Amino acid sequence: MARIALIEDNERLAAMIGQALSAAGVETDFFYTLSQAKYGVKQAGYAVLIVDRGLPDGDGLDFLKDLRATGYMTPCLILTARDALHDRVDGLESGADDYVSKPFAMSELVARVRALMRRPMATAGLVYTFADITLDPQEQTLSGATRSVPLAPTELQILLSLLKAGGQTVRHSSLEHAAWGLGEAVTPNALEVTVHRLRKKMSSAGVAAHIINVRGVGFALAARVAPGSDDGRGHA
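Those letters in the sequence shown? Residues 17 to 252, per the numbering used here, in order.
Structure (structure tokens):
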């Protein structure tokens, strides 16, 4: 099921939007403040962002501008009560792909979200690399020295999060969010099992880099394993 992020502080409205999208086959992760969204949005491969402007800790449009400045190109729909012409123009010029004013018809919002999901992303063809790892998110393949191997959706999201971190440690909770979404029930060892499968696929592809276990914190990519470090080999 496709997954989008909704940044909206009105919890009742957010729940209604989530229900309507769920009925259309779209899963929704909810963020009620910009501080929550800043932490969570880049950790998962969302198909679309829906962003309110009037949030408790700032303007969603400023948040979008900051995202676009970093090269984040996921389609974004601005949802707001500000419906003046200059507000819509500001939204579109700040990087929004669509602009819906409140109040709105739920069926129209769902249709607009699905239209954005069908739009080819500007990042199509973008690949991520670290050491001798090459990840193609569009093809969902991991390539190493000897071959390319397909990745399951959870494996893809975990590896993508680790690649984006560039060797820095990514916390367990962030990886679980990226792979399974917010609010999903995740079994205690689901992350470890998925990382174990990912390590085996990296080895199969001829990748020399490793996923290391930072005990009690999370996981990180390393170009090579230092003596005495824990790369988790032999563990689920």
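Beta carbons: idealized from backbone N, C-alpha and C, even for Gly. Every value quoted in this text rests on a predicted model; they were computed, and no experiment measured them.
Range of the contiguous beta strand (DSSP E) that encloses residue i
i: Val-211; result: Careful: Val-211 lies outside any beta strand (DSSP E), inside the alpha helix (DSSP H) at 206-220.
i: Tyr-55; result: No beta strand (DSSP E) contains Tyr-55, which is instead part of the alpha helix (DSSP H) from 50-56.
i: Pro-166; result: 164-166
i: Gly-234; result: 234-238
i: Leu-95; result: 92-96
Counted within 10 angstroms of its Cβ, other Cβ atoms place residue i as buried (16 or more) or exposed
i: Glu-24; result: buried
i: Gly-87; result: exposed
i: Arg-19; result: buried
i: Ser-190; result: buried
i: Ala-100; result: exposed
i: Gly-76; result: buried
i: Thr-96; result: buried
i: Ala-181; result: buried
i: Asp-78; result: exposed
i: Glu-171; result: buried
Pair within 8 Å by beta-carbon distance, residue i and residue j
i: Gly-257; j: His-193; result: Outside the shown range of the chain (17 to 252) lies residue 257, about which nothing can therefore be said.
i: Met-133; j: Ala-225; result: no
i: Ile-228; j: Val-211; result: no
i: Gly-222; j: Arg-163; result: yes
i: Gly-160; j: Ala-238; result: no
i: Thr-185; j: Val-116; result: no
Nearest-angstrom beta carbon gap, residue j and residue i [assumed within contact, 8 Å]
i: Ala-30; j: Asp-45; result: The pair is not a contact, with the Cβ atoms about 10 Å apart (cut-off 8 Å).
i: Pro-166; j: Gln-156; result: 6 Å
i: Arg-187; j: Gly-234; result: 4 Å
i: Val-42; j: Val-105; result: About 28 Å; that fails the 8 Å criterion.
Boundaries (first-last residue) of the alpha helix (DSSP H) holding residue i
i: Arg-134; result: 122-134
i: Glu-27; result: 27-39
i: Arg-104; result: 101-109
i: Ala-195; result: 188-196
Interface flag, residue i vs chain B, CB-CB below 8 Å
i: Gly-222; result: Protein chain content of the structure displayed is limited to a single chain, and chain B is not contained in it.
Taking 8 Å as the cut-off, does the region 77-86 touch the region 27-41 (at least 3 CB pairs, one atom from each stretch)?
Touching, no.
| the region 106-115 contacting the region 87-96, beta-carbon criterion three pairs below 8 Å | They touch, by the three-pair rule.
(request) Kindly confirm or deny that the region 174-182 and the region 204-222 touch, where touching means at least three C-beta pairs closer than 8 Å. (result) Judged by Cβ distances under 8 Å, the region 174-182 makes contact with the region 204-222, as three or more pairs qualify.
* To do: Decide yes or no for the touch test of the region 119-130 against the region 144-164: beta carbon pairs closer than 8 Å, at least 3 of them.
  => No, the region 119-130 is not in contact with the region 144-164.
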